[in-house]
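Reading through the structure tokens given below for one structure.
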Amino acid sequence: MRLQSRWARLALMLSVLALLAVGCRGDETADDAQDAVDDAVSDAEDTADDAADEVDEATDDAEETADDATDEATDEEGDDAAPAGDVAFDVGVTEEACPDAVNADNGCIYLGTISDLTVGPFAALAVPITDAQTAFWRRVNENGGIGGFDVNTSEYTRDNQYSPEVHSQQYEEIKGSVLALAQSLGSPTTFAILDDLEANNVITAPASWTSAWLFSDVIVESGNTYCVESQNGLDYLAEQAEIGTVMAVHYPGDYGDDGAAGASRWAEANGAEFVDVPTTPGQDNQGEAVNQVVSGGADVVVITTGPADAGTIVGQAAAGGFQGRFLFNSPAFNPGLLQSPAAPAVIAQVTVAGPWEPFQTDTPGHQAMREALGDVTGNDGYTSGWAWSYPLLAVLEQAAANGDLTREGMATALGQITEVDYEGMVPAGAGNLSGDANAAAVRATSIGTPSDAVPSGLESQGFYEGETAASYEFDAPCYEGGV
39 MRLQSRWARL
49 ALMLSVLALL
59 AVGCRGDETA
69 DDAQDAVDDA
79 VSDAEDTADD
89 AADEVDEATD
99 DAEETADDAT
109 DEATDEEGDD
119 AAPAGDVAFD
129 VGVTEEACPD
139 AVNADNGCIY
149 LGTISDLTVG
159 PFAALAVPIT
169 DAQTAFWRRV
179 NENGGIGGFD
189 VNTSEYTRDN
199 QYSPEVHSQQ
209 YEEIKGSVLA
219 LAQSLGSPTT
229 FAILDDLEAN
239 NVITAPASWT
249 SAWLFSDVIV
259 ESGNTYCVES
269 QNGLDYLAEQ
279 AEIGTVMAVH
289 YPGDYGDDGA
299 AGASRWAEAN
309 GAEFVDVPTT
319 PGQDNQGEAV
329 NQVVSGGADV
339 VVITTGPADA
349 GTIVGQAAAG
359 GFQGRFLFNS
369 PAFNPGLLQS
379 PAAPAVIAQV
389 TVAGPWEPFQ
399 TDTPGHQAMR
409 EALGDVTGND
419 GYTSGWAWSY
429 PLLAVLEQAA
439 ANGDLTREGM
449 ATALGQITEV
459 DYEGMVPAGA
469 GNLSGDANAA
479 AVRATSIGTP
489 SDAVPSGLES
499 QGFYEGETAA
509 SYEFDAPCYE
519 GGV
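First residue of the sequence shown: 39, per the numbering used here; consecutive thereafter.
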């Protein structure tokens, strides 16, 4: 109110001048002088009031301009976005610290986990997968977090029982509270929520390897697909003995069908006969599959099931006289098979094709995993849970660097990733999340042989890339052309 003060000083000066005039002119003019004083003061007050009104109007205009600027900034960030320092965020991110935070001054990024933790066919793998992911993100937090935020994967962990219906229900319960999914276990279960994931930019690390993930813009897959596993495994075995007939025993659906389709594509490319044997999950349901293995005359049987069913098929088929080879897609193997009645046949007749080297392998990533997990029995569920987490870490770091941890910002960041640092767990050059299916597809497969001499139950024969997988064109998910 500087104008008001200035006009008040002017009114005082006029009053003083008028009083001086009175003193100079004598009593006879006192009345006239006093009138002059009164008129001057009144004029000055009127002028001051007018100035004050101008000040008030200017202040109102300034405040309206400031409000408009704030509204424009909010509109640019998005109606639901909230800034934390230089990072915008919306769903699943808070300024408040995570529960039991490693860094109390950091905010929190919540990631969901939906896995087969109790009664489903992959529970023996899913529990160590989930434990390894918890350890992975704890290590990230211990290294300072991401852009001023810690990561929490425990608050919204749910059991899907390997049921698409249950998986969908659990997803609906947590999707409004998480930025992304650290794990969505299973191909059919993840397909049940895929449309919603894509519609809402919910970036997801799958616990599966179907080739369909190569064609999704929100799935951050790692390692080779089941299709490539089957092709490389068969190329590897064909170098040891001629393969005239290939049989695929598999669950129906995109998991089993993708592994079986890889075997079918290999047979077509290499002039072999192919026999398709779908089978229903459950150890009591494997009788027909066992009969077909024993009587089918296949040189190699590709198994794409859960571990318990795979052990039943191998053990009973071997007891029935089958002397050929079994090739497991990676989820079919678990070290527990080496303590089962099928153990002798598993050791003698099984080869395992997988996306990465076993638990005991000496790479920086494997070493970091073992240190973070502490005293655990080796299991490649741990290896998978750890390795699957790297691409989501890369997307989160890129989004934070971009200053945008919203779901839309995550989608933008994913499109900027051309390679992921797996700390040596996956062949160099893997993780082109921005490329097309053929650019993104990993063509190398880890070949393992079952052994009770190592903690993971698998002795590695190294990464292998055969001619069939190297030349395969992914113009659609492998199984879409039929098994």
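For every residue, glycine included, the Cβ atom is placed at its ideal position computed from N, Cα and C.
Return the chain-ordered list of same chain residues with a C-beta closer than 6 angstroms to the C-beta of residue 185, the five sequence neighbours on each side being excluded. 125, 438
Residue 15: which of 481, 323, 288 sits nearest, CA to CA? In the structure displayed, the chain extends from 39 to 521; residue 15 sits before or after that span and is not available.
DSSP state of residue 406, grouped into three classes? helix
Can you tell me whether DSSP reads residue 285 as helix, strand or coil? Note: residue 285 maps to strand in three-state DSSP.
Distance between beta carbons of residue 467 and residue 455, contact taken as under 8 angstroms: Actually they do not touch by this definition, with Cβ atoms about 13 angstroms apart.
Pairwise C-alpha distance: residue 333 and residue 276: 21 angstroms
Among residues of its own chain, excluding the 5 on either side of residue 183, which ones have a beta-carbon nearer than 6 angstroms to its beta-carbon? 141, 144
I'd like the list of long-range same chain contacts for residue 346, defined as Cβ closer than 7 angstroms, with 5 residues on each side in sequence excluded. 159, 321.
Exposed unless 16 or more other CB atoms sit within 10 angstroms - verdict on residue 324: Looking at its Cβ environment, which holds 16 or more other Cβ atoms inside 10 Å, residue 324 is buried.
Is the distance from the Cβ of residue 402 to the Cβ of residue 461 below 8 angstroms? yes
By Cβ distance, which residues of its chain are closer than 6 angstroms to residue 478, with the 5 residues on each side in sequence left out? Same-chain partners within the cutoff: 252, 470.
Given this structure, state the Cα-to-Cα distance separating residue 440 from residue 432, to the nearest angstrom. 12 angstroms
Could you tell me which residues DSSP pairs with residue 146 in its beta bridges? 132, 188
Buried or exposed: where does residue 188 fall if 16 or more other Cβ atoms within 10 Å of its Cβ makes it buried? buried
Taking residue 385 as the reference, which of 353, 308, 397 has the closest Cα? Comparing Cα positions, the closest option is 353.
Cβ separation of residue 294 and residue 343, assumed to be a contact under 8 angstroms, to the nearest whole Å: 7 angstroms
C-beta atoms of residue 396 and residue 421 nearer than 8 angstroms: yes
Residue environment, residue 436, which counts as buried when at least 16 other CB atoms sit within 10 Å: buried
Can you look up residue 420 in the DSSP assignment and give me helix, strand or coil? Secondary structure of residue 420 (DSSP, three-state): helix.
Per DSSP, residue 211 forms a beta bridge with which residues? Paired residue(s): none; residue 211 is not in a bridge.
Thinking C-beta only, is residue 174 closer than 8 angstroms to residue 424? Yes, the Cβ-Cβ distance between residue 424 and residue 174 is below 8 angstroms.
Roughly how many angstroms separate the alpha carbons of residue 379 and residue 419, rounded to a whole number? Going by the C-alpha atoms only, they are around 22 angstroms apart.
Quick check on residue 171: buried or exposed, where buried means 16 or more other Cβ atoms within 10 Å of its Cβ? buried
Cα-Cα separation between residue 377 and residue 362, rounded to whole angstroms: When rounded, the distance between both Cα atoms is 22 angstroms.
Once you ignore the five residues that flank residue 359 on each side, which residues in its own chain have a CB closer than 7 angstroms to its CB? 332
Between residue 245 and residue 223, how many whole angstroms is the CB-CB distance? I'm expecting something under 8 angstroms. 4 angstroms
If we ignore side chains and look at the alpha-carbon of each, how far apart do residue 507 and residue 301 end up? Rounded to whole angstroms, the gap between the alpha carbons of residue 507 and residue 301 is 11 angstroms.
I'd like the list of long-range same chain contacts for residue 511, defined as Cβ closer than 8 angstroms, with 5 residues on each side in sequence excluded. 476
Check each candidate in 428, 247, 447, 416 and name the one with the smallest Cα separation from residue 495. Among 428, 247, 447, 416, the Cα nearest to that of residue 495 belongs to 416.
Residue 278 versus residue 509: straight-line alpha-carbon distance, rounded: 21 angstroms
Contact set for residue 202: own chain, Cβ-Cβ below 6 angstroms, skip 5 residues either direction: 226, 227, 230
Let's test the definition: count the other Cβ atoms within 10 Å of the Cβ of residue 482 and tell me whether it reaches 16, buried, or not, exposed. Buried, by the Cβ-count rule.
Closer than 7 angstroms: is that where the CB of residue 443 sits relative to any heavy atom of the ligand HEM? Ligands displayed in this structure: none; no statement on the ligand HEM is therefore possible.
Would you call residue 486 buried or exposed, if buried means 16 or more other Cβ atoms sit within 10 Å of its Cβ? buried
Thinking C-beta only, is residue 148 closer than 8 angstroms to residue 193? yes
Cβ neighbour criterion (16 or more within 10 Å) applied to residue 208: buried
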